[in-house]
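Visitor: In our numbering, the protein residues as written are 860 to 1064. For each residue, glycine too, the CB sits at the ideal point set by N, CA and C.
Structure below.
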């Protein structure tokens, strides 16, 4: 009986802690954006101190940019706010606060819209919207290279050779490209695109 009561108390404390964390996230988002919960809010990331890009919710309910969580998970494996452990499989199946956002094509067919991609295994990943904007800005200014902070690491983007590599480890290289937004892709910045809905069965004759 004592063990059952202790377990019930622990579960209650855990639920209260998660509720408190969720409330803190909502209050943080309202302060950062001026929006109340439920108004399509995007909270501020406590790691990069900017509005979340590809916001994800950890099991402890704290919200961060996906790439910020990836950087933290690869280094400390714990939430940057409450220090709760991040499950090993979380990065493969993150809880997205919003659907994956990809660059959209312009409605007018004659105008071609481009964005940036980096090479992965068996396909290409599109950079997230913030990184894409920084890359496009540097490219249009005809810079030969630029530096970007991605997932906690400083990367050099080489526009001459169209490569991306870590500043402290140039041997780890990936090809990059600037291509049309409708180019086939695996997903955005490590988050896979949702699987297409299965086709509906044709009506019987």
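Need the endpoints of the beta strand (DSSP E) that residue 985 sits in, please.
Guide: 982-985
Visitor: Could you check whether the stretch 1045-1053 touches the stretch 979-997, counting it as contact only if at least three pairs of C-beta atoms, one from each stretch, sit closer than 8 Å?
Guide: yes
Visitor: Closest by CA to residue 1007, which one among 944, 1037, 1024, 978?
Guide: 1024
Visitor: Alpha carbon to alpha carbon, how far is residue 955 from residue 1052? Give it in angstroms, no decimals.
Guide: 11 Å
Visitor: So what's residue 937 in DSSP terms, helix, strand or just coil?
Guide: strand
Visitor: Once you ignore the five residues that flank residue 993 on each side, which residues in its own chain have a CB closer than 8 Å to its CB?
Guide: 1005, 1007
Visitor: Could you tell me the alpha carbon to alpha carbon distance between residue 891 and residue 910, rounded to whole angstroms?
Guide: Confidence is the limiting factor: at residue 891 the pLDDT is only 39, short of 50, which leaves the residue's position unreliable, though a coordinate-based value still follows. Those two C-alpha atoms are separated by around 8 Å.
Visitor: Under the rule that 16 or more other beta-carbon atoms within 10 Å means buried, what is residue 914, buried or exposed?
Guide: buried
Visitor: Where do the ends of the alpha helix (DSSP H) carrying residue 994 lie?
Guide: Where residue 994 is concerned, the enclosing alpha helix (DSSP H) stretches over 988-999.
Visitor: Residue range of the beta strand (DSSP E) that residue 1018 falls in?
Guide: Element bounds for residue 1018: n/a, residue is neither H nor E.
Visitor: Taking 7 Å as the limit between beta carbons, can you name the residues of its chain near residue 1027, skipping five residues before and five after?
Guide: Correct list: empty, nothing qualifies.
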